[in-house]
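S.K.: A single structure is presented below for examination.
Number of protein chains: 2
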Amino acid sequence: MSRPEISRPRIVEVRERVLKQNDLLARELRSQFRLAGTRVISMVSSPGAGKTSLLERTLTILGPLRRVAALVGDLATENDANRLQRSGVPVKQITTGTVCHLDASMVSAALADWDLDSLDVLFIENVGNLVCPSSYDLGEDLRVVLLAATEGEDKPLKYPTIFNTADIAIITKIDLADAAEFDRNAAHRHIQAVRPGMRVFELSSKTGAGMDAWIAYLNEGRS
Amino acid sequence: MSRPEISRPRIVEVRERVLKQNDLLARELRSQFRLAGTRVISMVSSPGAGKTSLLERTLTILGPLRRVAALVGDLATENDANRLQRSGVPVKQITTGTVCHLDASMVSAALADWDLDSLDVLFIENVGNLVCPSSYDLGEDLRVVLLAATEGEDKPLKYPTIFNTADIAIITKIDLADAAEFDRNAAHRHIQAVRPGMRVFELSSKTGAGMDAWIAYLNEGRS
């Protein structure tokens, strides 16, 4: 079959320019966060891996103890922000339209009327996607990749870039691990194959199993 | 906070040109499929929603009865092709590198050494992603979007474009629906809100529940 040439080099060039601009703005954001003493933690995963559920439980636990807030990204709907409002902490939704990731300019715009000095920890929930968010630095201190026990153990091998750009991994929905016949050892082996030495948590936002270790880790980072 | 201008209009322009070229090639593919009498069914979903499992079971059932084959897309690994080889039908892996979707040129290249005339049905499994594949026509007759019961009921509202570009929806992993507290009615309501009248199947590739209706549907399309 014939194949018309598709102008890939052109796209790569434009994409590199955008990424460079994003990196510059992300660097600016990072220094603002540092100056304000705000620790910024972003979350990436497939759609439905449980970012919002984990965030809801985390905000509810941390909310009374520290000054926390969250930005949540989605193509459409304010559903996540509405869910997270229940935790009582400041939450803002970023809707991206057709864009499959957050970028530094979206984060910057969302923070324009927030006083960073009054925040200890800011969570940023990215759009559910295992590809697009990899390349966009948001100025965060820590990037967390979530992998649901119901998704299968092979995701780190199939989406190595996103696991590589993340700092820690969390295996979510472990209450469903047995029912889903999740192969825990294979999952850990695949994560380590892609990102040797990566710290991995296992938890269930529904039952609360494993939440203590995750919260303790967040409090460690406090210093 | 200051926001450097990011050259979005430029990207849109390049993207439109690529899409236009893709549409032209997809149209060419579609007429080749029609001429050869090959029905082409593509599958899109989140990572880990069960495309490969459903395909494996479907190929195993259809393989002895009809001339079927499959193309499977992933950023990395030949895992899916290896799994599907077990069904005994011709399978080819397309690895996209960092690209979050298949396009018509990848499909065309993968088919270059296959004889379409010898195929009744060709399945194309897209990269696991609820955003990027929406805009790329692959010349398929039928686009199927999968939604796992473990992913939550809100995905159609959060990713309306991909549900809109699909012809039918399949709710997978229904064996885990109770354990995941999946709200079946809400899922159906959200699908219909985004795509009124959309036909929806529910099944489990693991237990086989609901497979009969899906296979019967595929056989209907035979005429």
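Residue numbers (my numbering), protein chains in the order written: chain A, 2 to 224; chain B, 2 to 224.
Backbone N, C-alpha and C fix where the C-beta goes; we use that ideal spot for every residue, glycine too.
(1) If you count every other CB in all the chains shown that lies within 10 Å of the CB of Asn130/A, and 16 or more means buried, which is it?
(2) How many angstroms separate the CA atom of Leu120/B from the CA atom of Arg185/A?
(3) Look at the alpha carbon of Leu85/B and the alpha carbon of Leu112/B, and state the distance between them as a whole number of angstroms.
(4) Which word fits Ser109/B, buried or exposed, when buried means at least 16 other C-beta atoms lie within 10 angstroms of its C-beta?
(5) Considering only residues of the same chain and omitting the five flanking positions on each side of Gly98/B, which have a CB-CB separation below 7 Å?
(6) Rounded to the nearest angstrom, what separates Val151/A and Phe183/A at their Cα positions?
(7) For Ala210/B, return the contacting residues in chain A, with the cut-off set at a CB-CB distance below 9 Å.
(8) Taking the beta carbon of Asn83/A as the centre, do at least 16 other beta carbons fall within 10 Å, making it buried, or is it exposed?
(9) In or out: Leu36/A buried (at least 16 other Cβ within 10 Å) or exposed?
(10) Which same chain residues end up closer than 7 Å to Glu221/A when comparing Cβ atoms and leaving out the 5 residues on each side of it in sequence?
(11) If we cut at 8 Å on Cβ distances, does Pro157/A have a partner in chain B?
(12) Count the other CB atoms, across all protein chains shown, that sit within 10 Å of the CB of Pro48/B; report buried if there are 16 or more and exposed otherwise.
(13) Is any beta-carbon of chain B found at less than 8 Å from that of Thr39/A?
(14) Could you tell me whether the Cβ atoms of Lys59/B and Leu123/B are closer together than 8 Å?
(15) Roughly how many angstroms lie between the CA atoms of Leu56/B and Arg18/B, to the nearest whole one?
(16) Distance cutoff 8 Å, beta carbons only. Does Ser224/A sit that close to anything in chain B?
(17) To the nearest whole angstrom, what separates the beta carbons of Asp155/B and His191/B, a pair I think is in contact under 8 Å?
(18) Using Cβ-Cβ distances below 9 Å, what residues of the segment 122-135 of chain A are close to chain B?
(19) Name the two residues that bound the continuous alpha helix (DSSP H) containing Met212/B.
M.R.: The structure says:
(1) Locating residue 130/A in the first sequence gives position 129, where the first residue counts as 1. Around the beta carbon of Asn130/A, 16 or more other beta carbons lie within 10 angstroms, which makes this residue buried.
(2) In the second sequence, counting from the first residue as 1, residue 120/B sits at position 119. In the first sequence, counting from the first residue as 1, residue 185/A sits at position 184. Taking the straight line from one Cα to the other gives about 39 Å.
(3) Reading the second sequence from its first residue, position 84 is the one you call residue 85/B. Reading the second sequence from its first residue, position 111 is the one you call residue 112/B. Those two C-alpha atoms are separated by around 17 Å.
(4) Your numbering for residue 109/B matches position 108 in the second sequence. Buried.
(5) Here residue 98/B corresponds to residue number 97 of the second sequence, with the count starting at 1. Taken in chain order, the residues that qualify are Leu76.
(6) Within the first sequence, residue 151/A is the residue found at index 150, counting from 1. Within the first sequence, residue 183/A is the residue found at index 182, counting from 1. The sequence shown places Thr at residue 151/A, rather than the Val named in the question. About 7 Å.
(7) The residue labelled residue 210/B in the question sits at position 209 within the second sequence. Under the 9 Å cutoff, chain A gives no residues; its nearest Cβ is about 14 Å from Ala210/B.
(8) As a first step, residue 83/A must be located in the first sequence, where it is residue number 82. With fewer than 16 other Cβ atoms within 10 Å, it is exposed.
(9) Taking the first residue of the first sequence as position 1, residue 36/A is located at position 35. It counts as exposed.
(10) Along the first sequence, read from residue 1 onward, the residue named residue 221/A stands at position 220. Closer than 7 Å at Cβ, skipping near neighbours: no residue.
(11) Stepping through the first sequence from its first residue, residue 157/A is reached at position 156. Under the Cβ distance rule, Pro157/A does not count among the residues neighbouring chain B, no pair being separated by less than 8 Å.
(12) Indexing the second sequence from 1 puts residue 48/B at position 47. Result: buried.
(13) Within the first sequence, the letter at position 38 stands for residue 39/A. Chain B contact via Cβ: absent.
(14) For this step, residue 59/B is matched to residue 58 along the second sequence. For this step, residue 123/B is matched to residue 122 along the second sequence. Note that residue 59/B is Thr in the sequence shown, not Lys. Against a cut-off of 8 Å, the Cβ pair of Leu123/B and Thr59/B comes out as no contact.
(15) For the purposes of this step, residue 56/B is taken as the residue at position 55 of the second sequence. For the purposes of this step, residue 18/B is taken as the residue at position 17 of the second sequence. Taking the straight line joining both Cα atoms gives about 33 Å.
(16) Indexing the first sequence from 1 puts residue 224/A at position 223. Because the pLDDT of Ser224/A is 45, which lies under 50, any placement of that residue in the model is unreliable, and the question is left without a value.
(17) Residue 155/B sits at position 154 when you count from the first residue of the second sequence. Residue 191/B sits at position 190 when you count from the first residue of the second sequence. That belief holds up - the Cβ atoms of Asp155/B and His191/B are roughly 6 Å apart, short of 8 Å.
(18) Val128, Gly129, Asn130, Leu131, Val132, Cys133, Ser135
(19) What you label residue 212/B is simply residue 211 of the second sequence in a count that begins at 1. For Met212/B, the uninterrupted alpha helix (DSSP H) segment begins and ends at 212-221.
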